[in-house]
Each structure stands twice: as structure tokens, then as C-alpha cells.
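In my numbering, the protein residues as written are 112 to 1328.
Positions of the beta carbon are idealized from the N, C-alpha and C atoms, including for glycine.
First the structure, in the form of C-alpha cells, and then the observations on it.
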């Protein structure tokens, strides 16, 4: 095979060196390696001297091998026979330096990224040599030879080795790594974030990813403006300005003399006419995979954001000319990692670049890396494509399961002027993953309600807006990044992957690689990255809910009704630094500082607004206000860290509360705060306001911002209250450090408490000398009580309520808030004299009972009417909650119902139900028409485990029970018939739950002891009588939960009750055939359970004293019983079945009478009335005689009718003795 060598480097050949901020240089290399200035990889045969080399093995997640790096340390000699130098001899030399542990870590991460992407179908380990060069130009390179003949012609030797196991004699790939231009020569050694954070030097991980892409096949065979004798796979997808594909050995030209036989690129004249640069020569790459990604999009050449009619191609733009030579081996998507641009902010590949990797032979599940990408411009799209984990074969989503791929992106918006609504969930948990990334310019992105966009892996961003200007984000769903260092919404251009010393970009920031003084308008960045970020949904991040980098201006952040914020708001943006350019109203770049106005600066700040109205689509509406806005936000708002002060700095941000109420608890380091008329700012906030000059940071060149007018220099640093300030959450403090002023409509709402404490408003205004501070506060103050227990008259000291520069303020314009706005029960009057408030609290005689709507709740309310003024201990908590419940009194009747003894009435009824569980089980046995005898002696012993469930729907009683019954029966034959006498004992464990009581329940353990008898008459028709007497003792523990709006308490109690049952009945049995009998049965059952007096314990006043009460029931049962005996497998067996109608004769089971523990003279009660009088019971059991003297049976039963239901089951074991 003949091999064609191509080497591609990371940096453009025209890279400048001598930069104002330091720089990187592409040095002139030997002819064969001249393109090492771009990330590239080469195929070589390596020979070496006898020396100790390092071998770094990389494996995939399943443990299979991926690549092996043969690493040359400082001083190691190398000779690569397959890689000729300029004179044709093998490339040879000495490795310049030893890769450090930090270098290895970054190389590890790069190959981890590549392995995850292309390693799935690798069949053989790739072999790559790594050599270092001591040049400090921030460069690296890689290559692999292109195979020119045979079935694998067009791919590189490295790819052939990985995918087909075709191995050469030596390494199939070669990597060169140089030092950076930093003083120590080190690369950036931080993580390979999706958005670069590498600072002044290049990112080694991203650099090697770029280079490896070349080694895998992004290489053109073109040399000196002519394609090779065999085209590479990449070459075959190239198209010229006429849309023609190249042919082997075809010339590349821009003179267009013979366009039919040449690969034609734009000439300089054509490029100038179109406004294109040297690299934008009209060549592009296309394929089926690429078009599947682009969806018919026209891709514009980079840096045309400001073009009215941008120039584009129907594929991926490809680097054209470099110094008159057709380069053709870089993808010129805007800012992409695989481009040859001076400024790039992608550390990873875009989806369109993954499509190229597919063309090169790699099987990649693109959806594992990108949920969807929008390369089109000017479209309206509802994106219903989700992003979840992928199924095992990579053909579909696992709905609802987060994708754990590091570096994954749920949605990428590349195009411009789009209106895109995300209407499907995006769930990621991979490290560095992005929910949504927005590039392009002038895009509107809408997060639909109920849509979740989550990036919960470490360093995840739910939303990242990373390039362009005038984007509009409308957020109504969920943006969350709850992993370590997660950011809900990130606004940042990121750093330049090849180093900030090469070129810098951002909002109004352009420091080009050419060292020219160019305005940001020349690349379309003369505007805010985001014009408006409208939030009416959930936004959270562990590092920050909102993070604005120093490269990005977000003009407006509107937090509107429905929003929920968790995490800080951080803005490093500073328009007063040197690199940020100012523009006047006409769009001209400003050079005269005296022409800078406050309005000029205002356009360069972030305006954080709470309480603006939203339209139906969730977008903020102009200067509207939303009086219904309500948000409680606990977090901090601040700027860059101030090393000198050792604290968070000021954000270049204004804060405005336009309508409704913002409850803010945290620190706000901003330029100004304004509370508009009708709006309320409450909470435990600290507001640190700074004047504009505190942001100045020089030295300045084009526009000396330190020389602006005094009006601008000293602007901001203000806190203006035209609405209402309400310090604290309850009693608390609000602190303002800045120039404070109150408008005519402004007021301060101060709360006072029953313990005589008050809110505090503490103001430190350094613009005013202490001696200038008046002793009287010149503004309206409204006093209002906090929730608490008030009775009679008391005084409150107001001298510490408002202080300015430590000067106590005398409150002169004071009003007491109308208590009817706060309380349904209280009347409160007050007066202020010499900063002392005297307040008197009264209650009307029917203050509480006026809101009760039935007899039961009126009797409970009457206790408060009588005793509320004298409440003590926990009762004060209860009274206070009632006093400050809904002012219209709508909460009170519900509260009375919750406070009553209803639970104890239900517990009494549940105890009666348990009584009948035991008595009914015994009756089932003694009232059967016949019983399968196991004894010859007439004496037997039985045990019966049982369990079941009962429910009384209208009373919300749900009972689960389990227990054991044991008994002895003795049968005696008489001349007139037969007599059976027996005794039984039982234990039962029961849990009763009560619907509508917020989790109240009773746990009871009961013991039962009884005697029973049956007499069989000696008549033709078998007639029998039966009866039962039973006593019970019950130990119960009840937890009664009381919860209503603003109140919660739990009252506990335990008691021992006792009771009993008496039953008498008759039955007949008619022989229907041999072994089968049936007949009627009737019995009358009286049961009772005595509940003693009970005293509860609680912490907040809900405890009751419950008087003793006996709950009882008188019930008849009439039905039919059937018994059938037969033989099965030579064993005697029987089936017994019963169907019974039950009728209750009493009108109520009992009454729960109670009072609050400290107010026993005010009794209230609730009847436990009979709801459903008539119910049915059905049961069936199967008995088998398994040995002489032993039988066993299984039985099930159910109760039904009206609001009563239940099921039970038992196992009965019976022995003779």
C-alpha cells in the first residue's frame, strides 16, 4: 500500500505572536510538518534507541482495550521512518520535555471522551506515539497516514487499526505536544468542561480531541493546491463553489479558467465582494449523515452575525485558503472545536461534526450526545424531541431516565432568528452535560410549562447561552442543575479554547488576534447576549440559579409570578473594565468619556426585576406590574469575588420590585434597589449598594471610563422606596447600606410581637454625615402585630425600630394597621407617644362562635369565647393561630371540627367492631348445623389464628387486626338431646386509622375471655339453641393529629377499657340428602365497651380531657346455614356456609364528651350515631379430618352493606383429648 502523509495542527498558520496581552505563535516547521499549527495526528513507523518509554493503556467502560500511547520523555530519541523530514530522511529528534501527572490527567480525559464516543465497535487497540517539543507556542499536532489502495482506501491507518484490526509494523498514529506561551509553559490543567474555562492558555484535553479527529480521518489529500492520486474519505464529501466533488489529482484554483476540470474556490475579489475572509472560499462538506443533522439548513460562514444577507453553503463550511494554499481540513462552524478560527468556545464536537465521524466509519449513536440540534435559521419550531437515557441497542429513549453521558447536550440551537419551544423533557446526569445550549443570534427559546430540563451531574448547566446577541429566553417549566457545582441558567461566551491571549470575545468585547482596534459591530457582538430572560417557572442550581460570566451582558432578568428560585444569582459582568466597548444611541462606538451618560451606562447593566406581568406565552410585558406577584427567595445576589476586601463584590445590576411582594432573605450586592409604588419588599435581606465608580477597572485605552462626568461617576448606590418595606419574617431585621430615600408613596411596615419586640430597619448611608441625620424619621410607618397571643393592654418600645447611621429615629407619622385585615376575632387599638406604642386587645363575646355553623362546632367555639382572654401555656399557641387565621373567619369552623373529640367516638365504635370479631368467630363454630367430629370422647381443644380488615366508610374508620383464639369444648349426651359446653380466650392486636384526621390512629391490644354453650333438642327436625358470654379488656394508645391552616399539634393518650358481649340464639337443620343439612338460624347480640376518662398530652393546646363513656350495640342476626359432609381422598371432609342479615336496634353507639384540659367547665360532644342499620355477613369454611382425633379447617368471610365492609380469614386446628 502507498501512504499519503497529511499532518494537521491546532493553530492557524498566520497566528500572530507579539500580542498586547501575550500571545501564541505558529512557528515555521519543516515542509512536511508545517501544519502542526492545527490539532492533527499522523501515521508513522517508529524506531527508537534502547530507552525506557512509558506506555499508557486506555480501555473502554467494559474493560476492552481502546488505544495505547507510547510516550517519549525528555531526552528520549525518536526516529519515525514513515514520516519524512524536508530532505526525505526519516523524521527524528529528541523529545523536549516530560509530560507531568497533570498533563496525563488531561490526556486521560480527552481519550475518555473519545472512547465513549467511538469505542463501541473498536476491534483492535490503536497504537499512538506521543512526542514533546520545547517550543512555547501553545501548539500540538497529530496525524495518521491515509491508505490509498485496497478496500480500506481513503481511511487513515489509525482508523483501519481501530475498526478492522489492520496493524502495521509500528504505531499507526503520532502526536506532538508543545509548551504553551505561559511563563512556565504549562497548559490549562482543569477539567474538560463543555464550555471552556481555560483562561490565557490552551485546553490540552480539547486540543488532543481536535487532533485525534484529524488522525481518525478529517484529512484532505490535497498538497500544494492539488488533490492526491487517491482521495481520502473526507475529500469525497467536499464540494466547490459549483457544488462539484473533487476527483483524484484534480487542481484546486480560484481563477475559474476551466471550471469543468478544476476544484474551484472563491477568489480574493469574490470574497471581498461577499465580505468573506480568506478561509471562507466557498468549499463545503456534505453527506447523508450531515444532511440528516442539518435538516436542509443553510450554514453561514462564521462571523456574519451582523450581515443583513449572510453568505452560506448547503453543508458544513470548510477552511479554504491559508496563505494562498488550499487547506481543506477544518470544519468552519462558528466557534467550533474543529475549526481553524482564532476564537473557539467549544471543547467538544458539535452534532454535525459527529456526523462526519460517522462518515469516517465510526458507528456513533448521535442521540446519546445530542437530543436534537437546530442548524436552521428563521424558523418557528415546537421541539418534541426529548433527551433521556438510551436503550441498550441505541435505537430509542428510556423515558424518564436521565442520560448519564458526560458532555451530552439535550438541545443545541446553532442557527439564528429562530423561535423554538422546548416541549419535551430533557434529563441529564452526566458530568459537564448541558440541558440546552444556545448559540447563533436573535433566537427566542421557550421552555414550556410542565417541561423539565435537568442537568444534575457535576458541573452541569440546565441552560447555557454561549454566543451571539439579543437572545430571548422565556421560561415557564423547570430548569434545574442540582449536582455539584450545577448552574440553572448560565450566560457566558466561555473562554477561548486556544487561550484568551490569542483573542477575546463577548458582549461588546472584541480583542482580535490581529491586534487591530476593531469594534464589536464588525463581528455582530455589539449587543447584549440576552435581551430578556423571563422566568415564570422553577430555576435552581447548587452553584447558582443564575450565573452571568464576565463576558456576557444579560440586559433584563424578569422574575414573574409562578417563578421559584433556589440558588444564588451571580454576575461577573462589569461594563466598566477596559475591554468592554460603549456605543451611543446611533450605534457608533464611543471614544469621548464626557459623552457617556447615566443612560449610556444603564444600557450596559443587568436589570433584575421582580413582579412584572407576563403574557399568555410567559414573556414579560413592558413596564407592567403584577399585583398578584408573590415570591419568597432565599439566596444571595453578588458579583465577582473581591480579593482585596475578601468578600463578594458588587454585581453590575439593578434590582427593582415592581409589583406584588418579594420576600428576600440573603445578601444583595447590587448598584441600586427600587421598590415601586404598590410593591412590597420583605424579609431578612442585606442590601449593599455601590456607586458606579466602584466598578472602574483600568488602565483604559480607547475610552477612559475613569474620566466620565461626576454625575456618571457617582451614579447608582441608591435604595429608593416608593412602595412598602417590611423587615423580617415575623420579627426580623432588614439592613440597607447605601443612599436611602423614601418617595411620597413609600412606607415602612414594622411588626411588633406580644413579647414587646419589633422589627428593625437598619440603614447605613455613607453619603450623609452622622450629624446630618435627623432624629425624626421622615416617612410613613405602619405598625402591625405578628402572629401571637394578645390580651389586654401592653406597651412596645419603638426606639430601636429604625436607625440611620446608628441614630435612633423618632417615628412621627405612625398608623396602626387595621386588625380586621389580619384577624377574624380581635379588636386592637393603639397609640404612639415618644416612640412607645400602647396597644389594647379585645375580643367580642361571640368572637369565635360567630363563625361556627353547627351545634358541635358552636360548643367548641364557646370554650374560646369564654376562656381565650385567659389562655396560658400551649393554649396561647392555639388561640393565637385562631386569632390570626383567615380574616374572613373561613378557617375557624374547620379548626373547630379538627379540635373536637371525634377520634375518640370513632375509637369506641372500632372497639365494638373488634368485640364482634372474636364473638362472631366463636359463634360461627357453635351455631353450625353439624360439626365434623374429631373425638370419640366428646372433648376437644382448638386454636384459631385469624386476621382481617374492616371499614366503616361514612366515619372513615379503617381497622386492621390479627390475633389468636383458643378454646375447649365438652359434649355430653342427654336423653332429651345433647349439651356442649366450652370456654374460649383470645388476644387481638388492632390498628385503627381515621380518614380526614391528618394521620390520627389508635393502636390497641385486647384480651377476651368467654364461655359458650349449645343444646341440641332430640326432635325430628334438628333444633338447637346456643349462647355466649364474653368479657374483654383493651389497652389502647391514641395519637390524635390536629392540623389546619397555620397550625399543627399532636395529642397523645393511652387508656385501658373493658367490655363484654352476650349472645343467645336458635337454629334448625333440615336433612336435604345424605350428608347435607341446611336451615335457618337467629341470634341476638348485645356488646359494649367502656372507655374510661382520658387526659391527653400535647405541646400547643390541642390536648383534651375526654369523659368516660360506654359504647354499646344491640344487634339481631337472621340467616341460613348450610353444612355438607363428604369424603375426599378417603378423608372425611365438610363444607360449612353461612349468609346472615344483621339489624342494629340502637340509634347511636355512644357519645364522646370532652373539654380542653385547662378549660374543663366548657364541655363539647359528638355523637357516634348509627349510620347503616342493616348489613350482611357471609362466610364459608372447609374442614378436613386428617387423622383420628385431629381436624383442620380454613375459612373466609365478608361483611357488606351500606357504608360497612370487611373481610377476614382464619385457620382452625382441633384435637381430641
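* Where residue 1245 and residue 1229 are concerned, what is the direct C-alpha to C-alpha distance, given to the nearest angstrom? -> 23 Å
* Throw me the rounded Cβ distance for the residue 515 and residue 541 pair, which I believe falls under 8 Å. => 5 Å
* Asked: What do you reckon, are the CB atoms on residue 1186 and residue 1202 nearer than 8 Å?
  -> The answer is no: Cβ separation not under 8 Å.
* How big is the Cα-Cα spacing for residue 1171 and residue 1287? -> When rounded, the separation of the alpha-carbon atoms in residue 1171 and residue 1287 is 23 Å.
* Any 3 or more C-beta pairs closer than 8 Å across the segment 998 to 1009 and the segment 1230 to 1240 -> Not touching, per the Cβ criterion.
* Within the segment 384 to 409, ranges of the alpha helix (DSSP H) (whole runs, at least 4 residues) -> 399 to 405
* Same chain only: Cβ atoms within 6 Å of residue 1042, ignoring 5 sequence neighbours per side -> For residue 1042, the predicted model reports a pLDDT of 48, less than 50, meaning its position is unreliable; a value from the coordinates is still stated below. If we look at residue 1042 and ignore the five residues flanking it on each side, it has no Cβ neighbours.
* Asked: Between which two residues does the alpha helix (DSSP H) harbouring residue 1030 extend?
  -> 1013 to 1037
* Where in the segment 912 to 998 do unbroken runs of the beta strand (DSSP E), each at least 3 residues long, occur, reported from the N-terminal end onward? -> 913 to 915, 921 to 927, 937 to 944 and 947 to 954
* Nearest candidate by alpha-carbon position, reference residue 1134, set 1155, 1181, 1148 and 605 -> Among 1155, 1181, 1148 and 605, the Cα nearest to that of residue 1134 is on 1181.
* Asked: Which stretch, first to last residue, makes up the beta strand (DSSP E) that contains residue 1102?
  -> 1088 to 1105
* Just curious, the beta strand (DSSP E) that residue 345 is in, first and last residue? -> Note, residue 345: premise wrong, no beta strand (DSSP E); alpha helix (DSSP H) at 344 to 347.
* Buried or exposed: which applies to residue 696, given that a residue is buried once 16 or more other Cβ atoms fall within 10 Å of its Cβ? -> Under the 10 Å beta carbon count, residue 696 is surrounded by fewer than 16 other beta carbons and is classified as exposed.
* Distance CB(residue 259)-CB(residue 341) smaller than 8 Å -> yes
* Asked: Relative to the C-alpha of residue 901, which residue among 817, 846, 992 and 323 is closest?
  -> With respect to the C-alpha of residue 901, the residue from 817, 846, 992 and 323 having the closest C-alpha is 992.
* Asked: Is the beta carbon of residue 629 less than 8 Å from the beta carbon of residue 650?
  -> No, the pair does not count as a contact, with Cβ atoms beyond the cut-off.
* Asked: Since residue 218 is in the alpha helix (DSSP H), which residue starts that stretch and which ends it?
  -> 212 to 229
* Asked: Is residue 1255 helix, strand or coil when you go by DSSP?
  -> It is a strand residue.
* Can you give me the Cβ contacts of residue 781 inside the same chain, cut-off strictly under 7 Å, excluding the 5 residues immediately before and after it? => Around residue 781: 748, 761, 762, 764, 765, 766 and 800.
* Below 8 Å on the Cβ atoms is my guess for residue 1231 versus residue 1189; work out the distance and round it to an integer in Å. => 7 Å
* **Contact the segment 785 to 796 vs the segment 830 to 837: 3+ CB pairs below 8 Å** => yes
* Over the uninterrupted alpha helix (DSSP H) stretch that includes residue 274, give me the two end residues. => 268 to 275
* For the segment 692 to 729, which segments carrying the beta strand (DSSP E) assignment without a break, of at least 3 residues, lie completely within its bounds, in sequence order? -> Qualifying beta strand (DSSP E) stretches, in chain order: 717 to 721.
* To do: Count the other C-beta atoms from every protein chain shown that fall within 10 angstroms of the C-beta of residue 755, then say buried if there are 16 or more, exposed otherwise.
  => exposed
* Since residue 1098 and residue 1074 are thought to touch, with beta carbons under 8 Å apart, how far apart are those beta carbons, to the nearest angstrom? -> Contact holds; Cβ gap of about 5 Å.
* Go ahead and label residue 1083 buried or exposed: buried means 16 or more other beta carbons lie within 10 angstroms of its beta carbon, across all protein chains shown. => exposed
* According to the neighbour-count rule (16 or more other Cβ atoms, all chains shown, within 10 Å of its Cβ), is residue 598 buried or exposed? -> Under the 10 Å beta carbon count, residue 598 is surrounded by 16 or more other beta carbons and is classified as buried.
* What does a CB cutoff of less than 6 Å around residue 222 pick up in its chain, not counting 5 residues either side in sequence? -> Here the set comprises 169.
* residue 318 lies in the alpha helix (DSSP H); which residues open and close that run? -> 315 to 326
* To do: Could you tell me the boundaries of the alpha helix (DSSP H) in which residue 1010 lies?
  => 1003 to 1010
* Could you check where the alpha helix (DSSP H) with residue 823 kicks off and where it finishes? -> 821 to 824
* To do: May I ask you to report which of helix, strand or coil DSSP gives residue 144?
  => Note that residue 144 scores a pLDDT of 29, beneath 50, so its modelled location is shaky; the value from the coordinates is reported in the next line. Residue 144 falls in the helix class under three-state DSSP.
* To do: For residue 1331, collect the residues of the same chain with a Cβ closer than 6 Å to its Cβ; drop the 5 residues on either side in sequence, then sort them by chain order.
  => Missing from the structure shown is residue 1331; the chain here goes from 112 to 1328 and no further.
* **Selection from 602, 822, 1139 and 1326 that minimises the alpha carbon distance to residue 1037** => 1139
* Taking the alpha carbon of residue 1009 as the point to measure from, which residue in 911, 558 and 1110 has its own alpha carbon closest? -> Comparing Cα-Cα distances from residue 1009 to each of 911, 558 and 1110, the minimum goes to 1110.
* Between residue 773 and residue 811, is the Cβ-Cβ spacing less than 8 Å? -> no
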